[in-house]
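Trainee: So the protein lines, in turn, are chains A and B. Each residue of the first sequence is one higher than the last, beginning at 1 in UniProt numbering. Each residue of the second sequence is one higher than the last, beginning at 1 in UniProt numbering.
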Amino acid sequence: MSNKRKRIDNLLKGITYFSASIAAIILLFIIIFVFKNGFGLLNIDLITNDYHAKFYNGGIEEVTEFSKTQRPSHLSDEDYYSEKWGIALRDDLDREGKAMVIVSYISEDSPLYQIYDKNNDDNDEFMIEKGNLISSIKFEDKASALSVYGAQHMIQILNESNQFREIVFSSLGGGIRGSLITTLYIIGITLAIALPIGIFSAIYLNELSRKNKINQMIRSMIETLTGVPSIIYGLMGLAVFVPLTVKYTPATSANLISGSLTLAVILLPVIIKATEESLKVVPDDYRQASLALGANRTQTTFKAVLPSALPGILTATILSIGRIIGESAALIFAIGTAVKDNITIFGRSTTLSVHIWSLMTDEPANIELASTIALIILVIVLLLNLIVKLISHQYLKKLA
Amino acid sequence: MKKILLVFLLALVLSVSACTNDDAWDSSKNITVYTRDTSSGTRAGFMEGIDFSDAAENDGLLVDGFLIKDNTGILSSIEVDQYGIGYISLASLNDKVKGLQFEGVDPTKQNVVNNTYGLKRPFNYIIRSLDDFANDTERDITLAFVAFLNTSDGADIITNEGAISLSSNGTWDDIKDQHPVCSLDNSSITIKFGGSDSIEKIALALTESFAPKCGNFVPEHEHTGSSDGFKRTQGSEKDGDNYKHVGFASRPFKDSEVGSEGTQGQLAWDAIVVIVHKENLVNNLTAEEIKKIYRGDFLTWDELL
């Protein structure tokens, strides 16, 4: 081999190494970025909690006896304790990165156990618990103690007071349970609509159709659809599917079904093309053997060809699930951006990726929480991939 | 395998070294001007504040080569761009950038409340016309919410969220008897809030806190920008799929956005802060100087020192 030839070979090989490592580095950077920003907020509460905090307004009668509990020894330096009211508060940051004051301890003889629910007279089980956030304590005669000024300030004001008008406390909001459930609903409904239509169209195009002008036109139209930006599908969803669902379902505005229908249209080309590819690789011998044994064309397609193409179809399904989870532009129009906790398929809500969008358009944007959700999306996609791999593996074993 | 690792390492080193920048601040460098896009309420408030209102919706009047970024984009760009200048809302200001004095006054809440800091914008609300609600309950809850905005309880929430509340009169306890709708069970009623996304967090905190006081109605938030505040309550989209009961605008309502009587008002002030890189030597700018930077009369930092 001549030297020149060697040099050229090495150069070409070097280019492949270089391109592969650039791709790997970029992907690695994205994952590192998401992990670095998002891992701190990742916990089970985030996934199971509601997005909207639940607020309570506590009132209090004349306090006759104050707490006598000394500062408990297990409290750290960050806890500010009021002996008078028997409560310890601590500064923390909530999921939006905003200052909050959290109850870290409440003694058994605390006068705060005497508060009543101002919004519901019949609520007997009303009380402040460890882990609640205190957003403000309001007085008749002086300015309120607000969480934005910190726990120390709040305890100081409490120590100076014998009575308050109202204490406002809440659960920790900012959870993504609602968006997660919406995402799962959307995946289910979209696949239920798009998979049958997509797979049967692909079978028609690849197995049953004749090579003529009309079928060629259908093919090229499907190909064109792949290149249309998803926001245009979103506009179509808003213009066609939202009024349609409002007319024929109990929905009154954009809803999960209109969103799923929109996504189903986006997915059709993906599913059709991937299914067709997997049908194409099924050897023609299968078909001929089946036909030779006396099966007709339809029987051959559904009994002999389709089972062999199943792993490919499953791959198409994963691809489309990934697309459903990742899609945001179309859904902003087709189901809206309202983050909800009570999910119904006829109501508005958001998927995880639109939730990221709405976090990023806030002022200031919440990059940490957005990264955490991105991380969760990565994990879901990974799990789905593994599940489908497992299924197709089992299936292939059965076939063999 | 070794080769792959070597190339991998090389690329890593190259990309890391491209990120660092240790040069000292050089005032002879050109100013990079950052701005929000024309639909932003922050931009409208800022241009108004520096007496350059014509540029609120006209990019053509700005200096050549200006950059359009959103709020987060401006903040993170100024963090690394030593010669950049941009503007953000006071609530977004952090210690990674330098917030400049405006006409010699520090950008603090106190200075906005005592009316010495000039660069500020109003946070406004608008509700549907009173005869345009689907039913009386929705109207009464909306009116109760507006009344709540003017109480000290509403003001506390606004302060907690980083905006500057207006002077309040009375508490919700004082006026709740005037809103009998709030003593009913409203948990089947959805009230829709929209408009400015700068006000989204404040609006969310207000409704989350107000809902239990008013029969647990369901607040639904969908914030898409100031111009949708009027459009979706009394404007062209008021009967569309995106209609809202309450809209917000983070700028004064325009002449084309006058609603029916008694349906509009202000809930808070927000200050806008001009920000530059931490190493920038400039501490104070006047409205005139900022206007000249954005118009392109001043091109380098030298001219301002």
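The beta carbon of each residue, even a glycine, is placed where N, CA and C say it ideally should be.
With a cut-off of 7 Å, does the C-beta of Glu222/B fall near any C-beta of chain A?
Mentor: The beta carbon of Glu222/B falls within 7 Å of a beta carbon belonging to chain A, placing the residue at that interface.
Trainee: Should the stretch 35-43 of chain A be called in touch with the stretch 157-167 of chain A, which here means at least 3 C-beta pairs below 8 Å?
Mentor: no
Trainee: From which residue to which residue does the alpha helix (DSSP H) around His153/A run?
Mentor: 151-160
Trainee: As a quick exercise: from Ile271/A, Gly150/A, Asp109/A, pick the residue whose alpha carbon is nearest that of Leu93/A.
Mentor: Gly150/A
Trainee: Could you spell out the range, first to last residue, of the beta strand (DSSP E) harbouring Met100/A?
Mentor: 99-106 is the extent of the beta strand (DSSP E) around Met100/A.
Trainee: Kindly list, in the order they appear in chain B, the residues whose Cβ is closer than 7 Å to that of His52/A.
Mentor: Glu208
Trainee: So, under 8 Å CB-CB, Lys287/B and Glu103/B are touching, yes? Tell me the CB distance rounded to an integer number of Å.
Mentor: Sequence check: residue 287/B is Ala here, not Lys. At roughly 6 Å, the Cβ-Cβ gap stays under 8 Å, so Ala287/B and Glu103/B are in contact.
Trainee: Quick one: is Asn215/A near chain B, going by C-beta distance under 7 Å?
Mentor: no
Trainee: How many Å lie between Leu46/A and Thr151/B at the Cα?
Mentor: 33 Å
Trainee: Between Met100/A and Leu396/A, what straight-line distance do the alpha-carbon atoms span, to the nearest angstrom?
Mentor: 55 Å
Trainee: Assuming Asp37/B contacts Ile68/B (C-beta within less than 8 Å), just tell me the rounded distance between them.
Mentor: 5 Å
Trainee: Give me whichever residues DSSP pairs with Lys98/B in a beta bridge.
Mentor: Residue pairing by DSSP puts Lys98/B in a beta bridge opposite Val276/B.
Trainee: Nearest to Val270/A by alpha carbon, out of Ile189/A, Glu223/A, Ser104/A?
Mentor: Glu223/A
Trainee: Since Asp153/B is in the alpha helix (DSSP H), which residue starts that stretch and which ends it?
Mentor: 152-160
Trainee: Alpha carbons only, please: which of Ile186/A, Arg323/A, Ile102/A, Asp121/A is nearest the one belonging to Thr344/A?
Mentor: Ile186/A
Trainee: Taking the alpha-carbon of Ile257/A as reference, which of Gly234/A, Gly347/A, Lys68/A has the nearest alpha-carbon?
Mentor: Gly347/A
Trainee: Let me see if you follow: with CB-CB separation under 7 Å, is Gly336/A close to chain B or not?
Mentor: yes
Trainee: Taking the alpha helix (DSSP H) that Ile25/A falls in, what are its first and last residues?
Mentor: 3-38
Trainee: Would the stretch 112-121 of chain A count as touching the stretch 136-144 of chain A if we require 3 or more Cβ pairs under 8 Å?
Mentor: no
Trainee: Using a beta-carbon distance cut-off of less than 7 Å, what residues from the stretch 179-203 of chain A approach chain B?
Mentor: none
Trainee: Helix or strand or just coil, what does DSSP make of Ala203/B?
Mentor: helix
Trainee: If you scan the stretch 159-246 of chain B from start to end, which runs of the alpha helix (DSSP H) of 4 or more residues do you find wholly inside it?
Mentor: The DSSP assignment places complete alpha helix (DSSP H) segments of no fewer than 4 residues inside the stretch 159-246 of chain B at 172-175, 200-210, 227-231, in order along the chain.
Trainee: Shorter than 7 Å from the beta carbon of Glu79/B to some beta carbon of chain A?
Mentor: no
Trainee: When burial is assigned at 16 or more other CB atoms within 10 Å of the CB, is residue 312/B buried or exposed?
Mentor: There is simply no residue 312/B to check, as chain B begins at 1 and stops at 305 in what is shown.
Trainee: Between the stretch 107-138 of chain B and chain A, which residues of the former have CB atoms less than 7 Å from a CB of the latter, in chain order?
Mentor: none
Trainee: At the 7 Å Cβ level, is Thr35/B part of the contact set with chain A, yes or no?
Mentor: Taking Cβ atoms only, chain A never reaches closer than 7 Å to Thr35/B, which makes this a no.
Trainee: Quick one: is Phe55/A near chain B, going by C-beta distance under 7 Å?
Mentor: yes
Trainee: Going along chain A, which residues have a C-beta under 7 Å from Thr233/B?
Mentor: Result: empty, since nearest Cβ-Cβ is about 15 Å, beyond 7 Å.
Trainee: Under 8 Å Cβ to Cβ from residue 314/B, same chain only, skipping five residues before and after it: list those, please.
Mentor: Chain B is shown only over 1 to 305; residue 314/B falls outside these bounds and no answer can be derived.
Trainee: Would Asp121/A pass as an interface residue toward chain B - the criterion being a Cβ-Cβ separation below 7 Å?
Mentor: no
Trainee: Can you tell me which residues form a DSSP beta bridge with Glu166/A?
Mentor: Lys138/A
Trainee: Among Leu89/A, Gly188/A, Pro243/A, which one has its Cα closest to the Cα of Met154/A?
Mentor: Leu89/A
Trainee: Taking any Cβ of chain B, which residues in the stretch 256-286 of chain A have a Cβ under 7 Å from it, in chain order?
Mentor: none
Trainee: Compare the Cα-Cα distances from Ala143/A to each of Thr171/B, Ile290/B, Glu48/B and report the closest residue.
Mentor: When only C-alpha atoms are compared, the closest one is Thr171/B.
Trainee: Give the residues of chain B in contact with Lys138/A, contact being defined as C-beta atoms less than 8 Å apart.
Mentor: Ser152, Asp153, Asp156, Thr171, listed in chain order.
Trainee: What does Val148/A touch in chain B if you count any residue whose Cβ is under 9 Å from its own?
Mentor: Thr159, Asn160, Glu161, Gly162
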